[in-house]
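Let me begin by presenting the structure, written as structure tokens, before commenting on it.
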Amino acid sequence: MVRYSSLVIIFFAFLFPNDVEASIVKKSKSGICHDENSPYYARTKSFLTFNSIQSCLESGGRLPKSQGKPSGKKQFVPDKIPQHLAGKDEYSRNKFGNGWADEDGDCQNSRMEALISQSLVEVRFKSNKMCKVVSGKWISPFTGDTIFKASEIDIDHVVPLSWAWKHGANKWANEKRVKFANDPANLLSVESSLNRSKGDKGPDEWLPPKNQCQYILRFQRVYKSYELLIASAEAAKLAVIQKTYCGKDS
126 MVRYSSLVII FFAFLFPNDV EASIVKKSKS GICHDENSPY YARTKSFLTF
176 NSIQSCLESG GRLPKSQGKP SGKKQFVPDK IPQHLAGKDE YSRNKFGNGW
226 ADEDGDCQNS RMEALISQSL VEVRFKSNKM CKVVSGKWIS PFTGDTIFKA
276 SEIDIDHVVP LSWAWKHGAN KWANEKRVKF ANDPANLLSV ESSLNRSKGD
326 KGPDEWLPPK NQCQYILRFQ RVYKSYELLI ASAEAAKLAV IQKTYCGKDS
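For the sequence shown, the numbering used here assigns the number 126 to the initial residue and increments by one for each residue that follows.
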């Protein structure tokens, strides 16, 4: 955090009025962080100064209801997801394929393959056809608890399908959406109750009871690998959440 006295600000504002205003983020007395895109930026006269929205938030500040683009230059994130890319069309599960895919045609769909690969012991199948898993040994990444019955497990999409739809997947080809819905990198064997309580929420609205940092980092890896879009206000929230649970150097 960098603080400037009123005289210094006035002096530099006189010399470079546009550059000085655009280079700082103002934290008002009420604790709201305003960058140059905030409608209240010019009207905020009593404030502490920061060099980025993120540093202002990390000091205990909060975003205004109408958030503009952060002044940091390191990475571009849009103020809002562009309307031609945002998932304004109605989401439905079948936009990502009709359930779990069996791409190699071996009768084991992607749910079963996730159960097989994530079990700590050899799984047991319902029949000799080896299509449906009924038991194994899974350690839930959400709680650390052990689960033995496949019927008690949901396969969680780390980045929920509905969340992806709203962040650009509505413009993908059908093949890419099916791939995303069945990508092992996006699948976790977890308790059914927790998967359903999560729903389509991102990390800014829901985190598991344990292993929050690992979950946050995996969420980020998946959405970045698929180049999903995220607005600046949401990105700022996620950055604060990551620092809270993962530490400064994550």
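Glycine included, every Cβ here is placed at the ideal spot set by N, Cα and C.
Quick one: give me the first and last residue of the alpha helix (DSSP H) that residue i is part of.
| i | result |
| --- | --- |
| Phe172 | No alpha helix (DSSP H) holds Phe172; the beta strand (DSSP E) holding it covers 172-175. |
| Glu238 | 235-243 |
| Lys248 | The amino acid occupying residue 248 in the given sequence is Val; Lys does not appear at that position. Where Val248 is concerned, there is no enclosing alpha helix (DSSP H), given that its DSSP letter is neither H nor E. |
| Asn299 | 299-306 |
From the DSSP output, in three-state form, read off residue i for me.
| i | result |
| --- | --- |
| Lys152 | strand |
| Phe137 | Its pLDDT being 37, under 50, Phe137 is placed unreliably in this model, and the value from its coordinates should be taken loosely. Of the three classes helix, strand and coil, the one that applies to Phe137 here is helix, per DSSP. |
| Glu146 | In this prediction, Glu146 has a pLDDT of 44, which is less than 50 and means its spatial position is unreliable; what the coordinates show is noted afterwards. In this structure, Glu146 counts as helix in the three-state DSSP scheme. |
| Arg168 | coil |
So which of the options has the shortest CA-CA distance to residue i?
| i | options | result |
| --- | --- | --- |
| Leu319 | Ser287, Ala294, Ile278 | Ile278 |
| Val365 | Trp288, Ile178, Phe221, Ala298 | Ile178 |
| Tyr370 | Glu359, Lys349, Arg346, Asp329 | Asp329 |
| Val284 | Tyr351, Ile149, Phe172, Gly156 | Tyr351 |
| Tyr216 | Leu354, His292, Asn311 | His292 |
| Val246 | Phe221, Arg218, Ala275, Asp229 | Ala275 |
| Phe273 | Leu240, Ser171, Lys326 | Leu240 |
| Lys154 | Ser163, Glu161, Lys170, Asp160 | Lys170 |
For the beta strand (DSSP E) that residue i lies in, which residues bound it at each end?
| i | result |
| --- | --- |
| Phe273 | 271-274 |
| Leu286 | No beta strand (DSSP E) contains Leu286, which is instead part of the alpha helix (DSSP H) from 286-291. |
| Val259 | 258-264 |
| Ile157 | Element bounds for Ile157: n/a, residue is neither H nor E. |
| Asp281 | 278-282 |
Give a single yes or no on whether residue i has its beta carbon closer than 8 angstroms to a heavy atom of the ligand FAD.
| i | result |
| --- | --- |
| Glu352 | The ligand FAD is not part of this structure, which contains no ligands at all. |
Handout entry: the segment 300-308 / the segment 244-260 touching (three or more Cβ pairs under 8 angstroms)
Key = The segment 300-308 vs the segment 244-260: no contact.
Problem - Start-end ranges of the beta strand (DSSP E) lying completely within the segment 312-375, minimum 3 residues - result: Those beta strand (DSSP E) runs which fall completely within the segment 312-375 and span 3+ residues are 312-316.
Handout entry: At least 3 beta-carbon pairs within less than 8 angstroms: the segment 264-280 vs the segment 321-341
Key = The segment 264-280 is in contact with the segment 321-341.
Handout entry: Contact between the segment 218-238 and the segment 306-318 (3+ Cβ pairs under 8 angstroms)
Key = Flag = yes, the segment 218-238 and the segment 306-318 touch.
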